[in-house]
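Report on one structure; see the data block that follows.
2 protein chains.
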Amino acid sequence: MTYLHHEEHFRSSEVVRDVVIGMADGLTVPFALAAGLTGAIDASRVVVIAGLAEIAAGSIAMGLGGYLAARGESEHYESERAREELEIVEKPAAERAEVREILEGYGLTREQSDPILAAFEARPKVWVDWMMRFELGLEEPDPKRAVRSALTIAGSYVAGGMIPLAPYMITSHSIMALRYSVAATVIALAIFGYVKGRYTGAPPLRASVQTTIIGGLAAAAAFTIAKLIA
Amino acid sequence: MTYLHHEEHFRSSEVVRDVVIGMADGLTVPFALAAGLTGAIDASRVVVIAGLAEIAAGSIAMGLGGYLAARGESEHYESERAREELEIVEKPAAERAEVREILEGYGLTREQSDPILAAFEARPKVWVDWMMRFELGLEEPDPKRAVRSALTIAGSYVAGGMIPLAPYMITSHSIMALRYSVAATVIALAIFGYVKGRYTGAPPLRASVQTTIIGGLAAAAAFTIAKLIA
Numbered sequence: 007m008t009y010l011h012h013e014e015h016f017r018s019s020e021v022v023r024d025v026v027i028g029m030a031d032g033l034t035v036p037f038a039l040a041a042g043l044t045g046a047i048d049a050s051r052v053v054v055i056a057g058l059a060e061i062a063a064g065s066i067a068m069g070l071g072g073y074l075a076a077r078g079e080s081e082h083y084e085s086e087r088a089r090e091e092l093e094i095v096e097k098p099a100a101e102r103a104e105v106r107e108i109l110e111g112y113g114l115t116r117e118q119s120d121p122i123l124a125a126f127e128a129r130p131k132v133w134v135d136w137m138m139r140f141e142l143g144l145e146e147p148d149p150k151r152a153v154r155s156a157l158t159i160a161g162s163y164v165a166g167g168m169i170p171l172a173p174y175m176i177t178s179h180s181i182m183a184l185r186y187s188v189a190a191t192v193i194a195l196a197i198f199g200y201v202k203g204r205y206t207g208a209p210p211l212r213a214s215v216q217t218t219i220i221g222g223l224a225a226a227a228a229f230t231i232a233k234l235i236a
Numbered sequence: 007m008t009y010l011h012h013e014e015h016f017r018s019s020e021v022v023r024d025v026v027i028g029m030a031d032g033l034t035v036p037f038a039l040a041a042g043l044t045g046a047i048d049a050s051r052v053v054v055i056a057g058l059a060e061i062a063a064g065s066i067a068m069g070l071g072g073y074l075a076a077r078g079e080s081e082h083y084e085s086e087r088a089r090e091e092l093e094i095v096e097k098p099a100a101e102r103a104e105v106r107e108i109l110e111g112y113g114l115t116r117e118q119s120d121p122i123l124a125a126f127e128a129r130p131k132v133w134v135d136w137m138m139r140f141e142l143g144l145e146e147p148d149p150k151r152a153v154r155s156a157l158t159i160a161g162s163y164v165a166g167g168m169i170p171l172a173p174y175m176i177t178s179h180s181i182m183a184l185r186y187s188v189a190a191t192v193i194a195l196a197i198f199g200y201v202k203g204r205y206t207g208a209p210p211l212r213a214s215v216q217t218t219i220i221g222g223l224a225a226a227a228a229f230t231i232a233k234l235i236a
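So the protein sequences, as listed, match chains A and B.
Quick note, the first sequence lines up with residues 7 to 236 if you use my numbering.
Quick note, the second sequence lines up with residues 7 to 236 if you use my numbering.
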């Protein structure tokens with residue numbers, strides 16, 4: 007794997023991560039809420055109202071949350087970068103000592119670090135790049151990421167949430183709807199977990215089982231709590 | 007900021023991140039759902055049942071999701087590390103070329119990279135450490151992180167969610183409860199946003215306003231959708 011491949015991998019894995027963030031909760035929470043309400047209140051209409059309200063609330067909260075997180079990452083990167091740019095001009099001795107400290111951590115002697123420092127001082131931009139990545143552990147974020155991240159997360163939440171809710175919208179018989187909802191959602195969770203595993207590098211079958219169990223546990227907890235207080 | 011300070015900052019910021027993940031949604035989604043249902047169905051009991059079912063579902067889904075994400079990070083790190091350990095033994099020439107490629111990106115000549123390569127070959131563990139961080143951009147995750155992350159996210163979700171829901175549990179007058187819920191949640195969102203900003207380095211007042219607006223938008227969307235279909 008070359009350096010460039012890693013960068014590309016990093017970008018496309020951000021989209022996958024956003025879909026996973028949105029769809030994991032979108033499939034699970036509206037499903038569990040609808041199941042819980044059916045256990046407590048035998049009325050498809052209330053379940054549909056609550057489910058759609060939850061999908062609206064959840065997709066907006068998670069989408070805007072993702073937008074702000076990505077914006078915050080960009081701003082954090084910019085402000086840290088500006089600070090490093092200032093520091094290599096105003097406190098070059100301290101910055102040189104930091105480079106040596108990092109390189110020493112990898113077993114380089116002072117003599118071995120000197121040519122690296124000389125190369126950095128000839129190219130300040132490269133020096134700042136290096137400090138950002140190796141001192142602070144920060145990668146430059148894609149500026150378009152925030153909006154794309156928000157839409158991907160919100161869209162995935164809505165897409166995921168409509169699967170468990172659709173049966174309650176089709177039939178007014180809420181126990182029947184619950185059965186179809188469970189069947190549709192278990193299949194969707196299993197497929198989603200499998201695909202998620204394929205993309206994130208986890209063993210797909212195990213990811214599929216884990217995702218389905220999370221949805222089931224959440225629904226069982228919601229069902230039990232709703233039943234207890236109803 | 008020294009290298010070690012960065013590591014410590016990294017660990018404590020993970021806990022803050024987990025609280026933020028859990029509480030941001032915990033404050034927002036149950037609040038929006040309860041507000042939406044009050045707009046559609048004038049019955050505190052249904053709002054409380056739906057709200058508690060949502061908190062159970064949301065906290066379990068997000069907590070287990072956080073657990074699996076942290077576990078996945080650990081496993082990804084371990085498997086990549088095992089691969090790098092094998093590669094520096096089986097394909098040392100290719101690995102040396104990768105080190106040179108990375109160092110060239112920072113303006114080092116072949117002569118300047120040679121002592122670094124010699125230092126690495128004398129200490130294979132350091133070489134692998136370096137490849138993990140600088141080729142793959144991976145930091146070693148804390149093994150205890152997964153369980154702590156799950157409990158922190160789930161607990162924060164429950165703590166956040168009980169704030170908007172408490173008024174509906176105290177009074178059966180749902181419009182009155184909605185007013186107290188809005189007041190309590192707006193105050194809680196403003197404080198949460200401010201504290202979040204302080205910890206994550208964003209301007210606290212702006213973070214406070216943004217967080218409150220997200221909660222308000224999510225609630226308004228849930229309210230409108232529930233009202234339209236009721």
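Glycine included, C-beta positions come from ideal geometry on N, C-alpha and C.
At a cut-off of 9 Å between beta carbons, ILE159/B makes no contact with chain A. Contacts with chain B at 9 Å (Cβ-Cβ) include PHE126/A.
The C-beta of ARG151/A has 16 or more other C-beta atoms within 10 Å across all chains shown, which makes the residue buried. Interface flag for LEU43/B against chain A is set, since a Cβ pair is found closer than 9 Å. In the displayed model, HIS82/A falls within a helix according to three-state DSSP.
Three or more beta-carbon pairs separated by less than 8 Å are not found between the stretch 118-138 of chain B and the stretch 39-49 of chain B, which leaves the two stretches without contact. Looking only at ARG106/B, GLY111/B, GLU127/B, the smallest Cα-Cα distance to GLU117/B is reached by ARG106/B. The Cβ of LEU223/B sits closer than 9 Å to at least one Cβ of chain A. Residues of chain B with a Cβ closer than 8 Å to the Cβ of MET68/A are, in chain order, ASP31. Shown here for ALA125/A: same chain residues with a beta carbon closer than 8 Å to its own, the five before and five after excluded, namely VAL132 in chain order. Taking the CA atoms as reference points, TYR174/A sits about 16 Å from VAL192/A. Between SER155/B and ASP24/B, the gap from beta carbon to beta carbon is short of 9 Å. At least one CB atom of chain A sits nearer than 9 Å to the CB of ALA236/B. Within chain A, the residues ILE66, ALA67, LEU70, GLY71, LEU74 have their CB atoms less than 8 Å from the CB of ILE220/B, given in chain order. Chain-order list of chain A residues neighbouring ARG129/B: TYR112, GLY113, by C-beta distance under 9 Å. Distance from LEU58/B to ALA194/B at the Cβ level is roughly 18 Å; contact not present, criterion being Cβ atoms closer than 8 Å. For THR191/A, not one C-beta of chain B is nearer than 9 Å to its own C-beta. Here PRO36/A is not near GLY69/A, since their CB atoms are 9 Å or more apart.
With at least 16 other beta carbons inside 10 angstroms of its own, SER50/B counts as buried.
Scanning HIS82/B, LEU157/B, GLU90/B for the CA closest to the CA of VAL21/B turns up LEU157/B. In the DSSP assignment, LYS233/B falls within the unbroken alpha helix (DSSP H) covering 210-235.
The distance from the Cβ of THR217/B to that of LYS202/B is about 7 Å, consistent with a contact at the 8 Å cut-off. Neighbourhood of ALA156/A in chain B, by CB distance below 7 Å: empty, with the nearest CB roughly 11 Å away.
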